[in-house]
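Heads up: the structure comes next, in structure tokens.
Number of protein chains: 2
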Amino acid sequence: MPEALEVKHAQRQLQAINKALGSGRYVHVHKVLHEMPASDIALLLESSPSKSRNEIWEMLDADFYGDVLEELSEDVRNGIIGQMLPEKVVDALEDMDIDDLAETLSSLPHSVSRDVLKSMDEQDRQRAEKALSYGEDTAGFIMNTDTITLRADVNVDVILRYLRLKGEIPEGTDTFYVVSRHDILIGTVPVTKLLTALPDSTVEELMVEEPEAIPVDMPEKEVAKLFERYDWLSAPVVDADHQLLGRITIDDVVDIIREDAEHSMMSMAGLDDEEDTFAPVLQSTQRRSVWLAVNLVTALLAAAVSDLFEATLSQLAVLAILNTIVPSMGGVAGNQTLTLVIRGMALGHVNEGNSRWLISKELAIGFFNGAIWAILIASVIALWKQDWMLGAVIAFAMLVNMIAAGLAGATLPLVMKKLKIDPALAGSVILTTITDVVGIFAFLGTATLFLI
Amino acid sequence: MPEALEVKHAQRQLQAINKALGSGRYVHVHKVLHEMPASDIALLLESSPSKSRNEIWEMLDADFYGDVLEELSEDVRNGIIGQMLPEKVVDALEDMDIDDLAETLSSLPHSVSRDVLKSMDEQDRQRAEKALSYGEDTAGFIMNTDTITLRADVNVDVILRYLRLKGEIPEGTDTFYVVSRHDILIGTVPVTKLLTALPDSTVEELMVEEPEAIPVDMPEKEVAKLFERYDWLSAPVVDADHQLLGRITIDDVVDIIREDAEHSMMSMAGLDDEEDTFAPVLQSTQRRSVWLAVNLVTALLAAAVSDLFEATLSQLAVLAILNTIVPSMGGVAGNQTLTLVIRGMALGHVNEGNSRWLISKELAIGFFNGAIWAILIASVIALWKQDWMLGAVIAFAMLVNMIAAGLAGATLPLVMKKLKIDPALAGSVILTTITDVVGIFAFLGTATLFLI
């Protein structure tokens with residue numbers, strides 16, 4: 005009786021391998037690796053610091069290379085390919101599915117991918133070049149060309165005899181496509197329908213007519229949305245004339261959904277989506293410094309605003325102490341709104357029709373939040389510093405900044421989308437700059453007017 | 005010839021409907037709604053402010069209720085069900101798949117779900133109660149029981165005759181399960197295999213033996229990881245005795261993957277995952293205030309640290325102006341590390357075996373980043389304020405805080421996971437508190453020692 009699958013298994017195996025590597029038991033590691041599925045080896049590589057990563061890679065059988073590379077994230081894959089000899093790269097990529105091959109080639113340095121293409125056989129090269137020509141992140145780029153097509157006039161018996169002769173059906177096939185003489189897609193037949201249909205039924209009787217098909221130039225994110233919305237397992241890809249070009253399967257879409265959802269989270273923290281957790285220190289330092297540089301500029305900008313009020317600050321040190329509270333609350337409230345709107349846009353919930361409603365809503369929330377926290381902070385400060393006027397000043401600044409935060413959080417992503425800037429990438433830093441500047445101005449400005 | 009699918013279509017339709025609602029063309033809206041698929045209606049509801057949401061819902065045919073409710077997010081669904089009469093809720097939920105029904109019931113107020121269960125017929129109720137008994141977020145909770153099982157000794161011809169008689173195969177079936185006399189899972193046969201096999205082959209010859217199966221109590225997140233790692237379309241669910249209980253299909257897993265990835269992003273901004281973009285203002289205000297309250301406490305804590313240095317601040321106003329720079333940079337750097345580690349943990353890359361390596365790496369990055377930005381900020385400040393000693397003080401504080409940020413960002417999620425606290429939820433606020441406190445202490449403390 006087989007054991008029920010244990011998810012912890014892979015993790016324990018991983019630790020065991022690291023231990024074995026540490027104590028130099030290479031023969032043992034080699035044996036274990038030989039029995040692991042490619043996806044587990046990929047996980048092992050992604051979870052290893054670069055030194056062990058190279059050791060593990062060198063112990064792999066060359067036959068596994070292609071399967072493992074297919075499963076790796078871009079960053080890790082390119083790191084490994086960069087250390088391989090060009091001939092070995094060609095060998096490794098040869099067996100990949102066309103969609104995975106296109107993705108891998110496009111992420112490699114140009115000179116490497118050219119070498120790989122050159123050494124492929126004619127037919128494969130043409131297919132790879134075709135896929136690359138559709139452009140990254142489009143339906144054409146992620147589709148596979150291994151469709152099974154049927155003609156409308158044949159019957160089930162003939163099809164079954166044909167399939168039995170053929171002997172194999174490409175992985176992930178849940179639908180056969182019905183095409184006309186000129187390869188125009190005219191219908192689809194689910195695989196399961198062929199099992200339940202009587203032998204003398206024709207394809208024409210069984211097929212779903214006018215099936216939904218994906219245009220070859222549709223961006224992959226929109227493809228993913230359609231799959232998610234309609235619970236598809238696969239979908240045909242067609243050109244402008246509705247000629248069948250290939251199919252997209254759910255396994256590729258799952259990767260897109262995961263990457264898309266992660267993209268926002270990583271971008272908002274100023275990280276590259278593909279950033280490898282176990283990359284070398286200097287590489288990571290360099291990648292993260294862009295965002296820190298941007299933040300330094302905005303922090304200096306906020307300091308410059310405070311600098312305008314130097315005279316006020318030197319008279320009342322208590323203002324210096326409280327100067328961070330209002331900007332901090334504005335930053336948090338603004339980021340809540342920003343995150344919500346970015347997610348709403350990603351899910352397709354936010355559009356031109358309802359954006360005005362959404363902005364008013366966030367303004368209203370900003371007002372209510374501002375009022376609540378203004379009263380609270382005023383009471384705390386009045387009690388702590390025994391100064392009701394100081395409390396009133398910070399309360400006013402809080403209200404102003406919370407409203408600004410709501411307005412900025414809701415409008416920024418909408419404006420940035422119009423300007424074709426990724427809101428997840430730059431939204432948060434612009435927002436924080438706004439809430440810092442408005443918060444400091446409102447607090448120190450009002451204090452200068454009423455307390456000095 | 006059918007049109008290639010347009011993804012913008014749904015959005016334009018949505019705007020047209022909102023316009024029609026605004027101008028009171030209800031008959032037109034009713035007609036359009038009648039022709040829309042359930043998933044598009046769900047998208048329309050989720051993209052509408054509550055007023056239009058209710059109008060649209062009331063115009064729907066009751067037959068659609070179940071299909072639409074199935075597609076809605078929890079927050080929106082509960083809002084709608086809360087306004088329906090109990091009898092209508094029962095009618096609407098009756099036709100749902102058992103996994104969707106269990107999910108819906110568990111998210112409803114107890115009194116409503118009890119009423120619904122009571123009015124269901126005996127067999128359905130038993131199945132629903134069984135699913136609920138496995139506990140939310142487990143494999144048993146998200147599985148369906150509509151499997152097709154085969155015996156090992158029958159041949160393809162017999163199966164085909166049986167399936168033709170049956171006439172229909174449940175949606176999303178890509179695999180048949182082979183069970184022994186006591187429903188013990190002993191093998192699987194891909195649907196496509198039945199199409200290519202010769203009629204006299206037996207199931208035993210075709211089946212994959214010792215198939216991987218999911219234990220009924222496995223958490224849904226781990227189920228999703230397995231689907232993602234092995235590119236499954238469906239997987240059998242078994243109990244401790246390896247008895248077949250049902251199957252999980254990729255469409256449910258896609259939802260989990262999306263939710264899981266979104267969870268981190270939303271939590272890190274202090275939002276509820278299910279927060280409805282178009283919820284009423286007061287509801288949203290209340291939900292977001294928890295996070296703002298926590299932030300107020302940490303902002304006051306930072307102010308209290310500054311307060312310790314009141315004498316210093318009152319002597320040198322320039323310190324007040326620069327006091328935000330070091331905490332701000334530490335916060336950004338720490339959040340980068342935190343986000344990366346949280347993602348690494350979610351992907352299963354970070355574990356006990358490599359966490360020490362990871363912490364040293366992030367410490368090293370903190371040191372390098374600290375050194376780079378220390379030199380830069382020292383130069384800027386020395387030039388701006390014409391004070392090299394001030395530059396040296398801020399440089400030292402920057403270095404200390406960047407190292408603290410790296411250390412805190414890497415260790416916090418690991419510690420919180422051990423304490424079974426969700427790092428995405430509380431990590432960011434604790435981290436910022438640490439970088440604020442360390443940053444202010446380092447800057448004002450050093451300044452007090454060397455500049456006063």
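These protein sequences, in sequence, are chains A and B. When we follow the working numbering, the leftmost residue of the first sequence carries the number 5, and every step to the right adds one. When we follow the working numbering, the leftmost residue of the second sequence carries the number 5, and every step to the right adds one. All C-beta atoms, glycine included, are put in the ideal place defined by N, C-alpha and C.
Can you list, in chain order, the residues of its chain whose CB lies under 7 Å from that of residue i, leaving out five sequence neighbours each side?
{"i": "Gly250 of chain B", "result": "Met147, Asn148, Thr149, Thr151 and Val241"}
{"i": "Ile309 of chain A", "result": "For clarity, residue 309 of chain A is Val in the given sequence; the question names Ile instead. Within the same chain, Val309 of chain A has close Cβ partners Val441, Ile444 and Phe445."}
{"i": "Leu490 of chain A", "result": "Residue 490 of chain A cannot be examined here, being either before or after the span of chain A that is shown, 5 to 456."}
{"i": "Lys55 of chain A", "result": "none"}
{"i": "Pro223 of chain A", "result": "Asp141 and Thr142"}
Output the distance between the C-alpha atoms of residue i and residue j, rounded to the nearest integer angstrom.
{"i": "Ile163 of chain A", "j": "Thr200 of chain B", "result": "10 Å"}
{"i": "Trp236 of chain A", "j": "Leu230 of chain A", "result": "8 Å"}
{"i": "Leu453 of chain A", "j": "Phe313 of chain B", "result": "25 Å"}
{"i": "Ile21 of chain B", "j": "Gly410 of chain A", "result": "28 Å"}
{"i": "Leu367 of chain A", "j": "Trp377 of chain B", "result": "37 Å"}
{"i": "Phe371 of chain B", "j": "Ala306 of chain A", "result": "25 Å"}
{"i": "Thr192 of chain B", "j": "Glu126 of chain B", "result": "31 Å"}
{"i": "Ser33 of chain B", "j": "Ala350 of chain B", "result": "A small fix is needed here, since residue 33 of chain B is Val in this sequence, not Ser. Going by the C-alpha atoms only, they are around 43 Å apart."}
{"i": "Glu133 of chain B", "j": "Asp264 of chain B", "result": "26 Å"}
{"i": "Phe180 of chain A", "j": "Ala228 of chain A", "result": "21 Å"}
{"i": "Leu25 of chain A", "j": "Glu216 of chain B", "result": "28 Å"}
{"i": "Lys365 of chain A", "j": "Ser271 of chain B", "result": "21 Å"}
What residue range does the alpha helix (DSSP H) around residue i cover?
{"i": "Arg251 of chain B", "result": "First-last for Arg251 of chain B: Leu248 to Thr253, but that is the beta strand (DSSP E), not the alpha helix (DSSP H)."}
{"i": "Tyr138 of chain A", "result": "Where Tyr138 of chain A is concerned, there is no enclosing alpha helix (DSSP H), given that its DSSP letter is neither H nor E."}
{"i": "Gly144 of chain B", "result": "Ala143 to Ile146"}
{"i": "Gln390 of chain A", "result": "That residue, Gln390 of chain A, is in no alpha helix (DSSP H); it is neither H nor E in DSSP."}
{"i": "His32 of chain B", "result": "Tyr30 to Glu39"}
{"i": "Gln319 of chain A", "result": "Glu314 to Gln319"}
{"i": "Thr200 of chain A", "result": "Val195 to Thr200"}
{"i": "Met100 of chain B", "result": "Element bounds for Met100 of chain B: n/a, residue is neither H nor E."}
{"i": "Ser54 of chain B", "result": "Ser54 to Met63"}
Helix or strand or just coil, what does DSSP make of residue i?
{"i": "Phe282 of chain B", "result": "coil"}
{"i": "Leu189 of chain B", "result": "strand"}
{"i": "Val336 of chain B", "result": "helix"}
{"i": "Leu154 of chain A", "result": "strand"}
{"i": "Asn299 of chain A", "result": "helix"}
{"i": "Ile218 of chain B", "result": "strand"}
{"i": "Ala451 of chain A", "result": "helix"}
{"i": "Val212 of chain A", "result": "strand"}
{"i": "Thr206 of chain A", "result": "strand"}
{"i": "Ile159 of chain A", "result": "The sequence shown places Asn at residue 159 of chain A, not Ile. The answer is strand: DSSP assigns Asn159 of chain A an E or B state."}
{"i": "Pro427 of chain B", "result": "helix"}
{"i": "Gly443 of chain B", "result": "helix"}
Could you tell me which chain B residues have their CB closer than 8 Å to the CB of residue i, listed as they occur along the chain?
{"i": "Trp295 of chain A", "result": "Val336 and Gln340"}
{"i": "Ile146 of chain A", "result": "Going along chain B, no residue has its Cβ under 8 Å from Ile146 of chain A, so there is no contact; the nearest lies around 14 Å."}
{"i": "Lys92 of chain A", "result": "Here the premise fails: no neighbours, minimum Cβ distance about 25 Å."}
For residue i, return the contacting residues in chain A, with the cut-off set at a CB-CB distance below 8 Å.
{"i": "Asn355 of chain B", "result": "Gln15, Leu18, Gln19 and Ser51"}
Applying a beta-carbon distance threshold of less than 7 Å, which residues of chain B neighbour residue i?
{"i": "Ser318 of chain A", "result": "Ala321"}
{"i": "Tyr181 of chain A", "result": "Those within 7 Å of Tyr181 of chain A in chain B number zero; the least Cβ separation is about 13 Å."}
Under DSSP, the beta strand (DSSP E) around residue i begins and ends at which residues?
{"i": "Phe180 of chain B", "result": "Thr179 to Val183"}
{"i": "Val242 of chain A", "result": "Ser238 to Val242"}
If I measure Cβ to Cβ from residue i and keep anything under 8 Å in the same chain, skipping five residues before and after, which residues do I get?
{"i": "Gln340 of chain B", "result": "Gly413"}
{"i": "Thr302 of chain A", "result": "Val433, Thr436, Thr437 and Asp440"}
{"i": "Tyr138 of chain A", "result": "Gly144, Phe145, Val220 and Asp221"}
{"i": "Ser77 of chain A", "result": "Glu50, Glu278 and Asp280"}
{"i": "Pro203 of chain A", "result": "Asn159, Val160, Asp161 and Leu164"}
Using a Cβ-Cβ cutoff of less than 6 Å, which residues in the same chain neighbour residue i once the five nearest sequence positions on both sides are dropped?
{"i": "Thr436 of chain A", "result": "Gly335"}
{"i": "Met5 of chain B", "result": "Because Met5 of chain B sits at a pLDDT of 35, beneath the cut-off of 50, its placement in the model cannot be relied upon, and the point is left open."}
{"i": "Phe447 of chain B", "result": "Val330 and Ala401"}
{"i": "Val3 of chain A", "result": "No answer is possible for residue 3 of chain A: it lies beyond the span of chain A, which begins at 5 and ends at 456."}
Name the chain B residues whose beta carbon is nearer than 9 Å to that of residue i?
{"i": "Arg168 of chain A", "result": "Leu199, Thr200, Ala201, Leu202 and Pro203"}
List, in order along the chain, the chain A residues whose C-beta lies closer than 7 Å to that of residue i?
{"i": "Ser332 of chain B", "result": "Asn299 and Ala303"}
{"i": "Asp255 of chain B", "result": "Asp235"}
{"i": "Asn82 of chain B", "result": "Residues of chain A passing the Cβ test: none, with the nearest at roughly 17 Å."}
Got a sec: is the Cβ-Cβ distance from residue i to anything in chain C below 8 Å?
{"i": "Leu112 of chain A", "result": "Among the chains of the structure shown, chain C does not appear; the protein chains present are A and B."}
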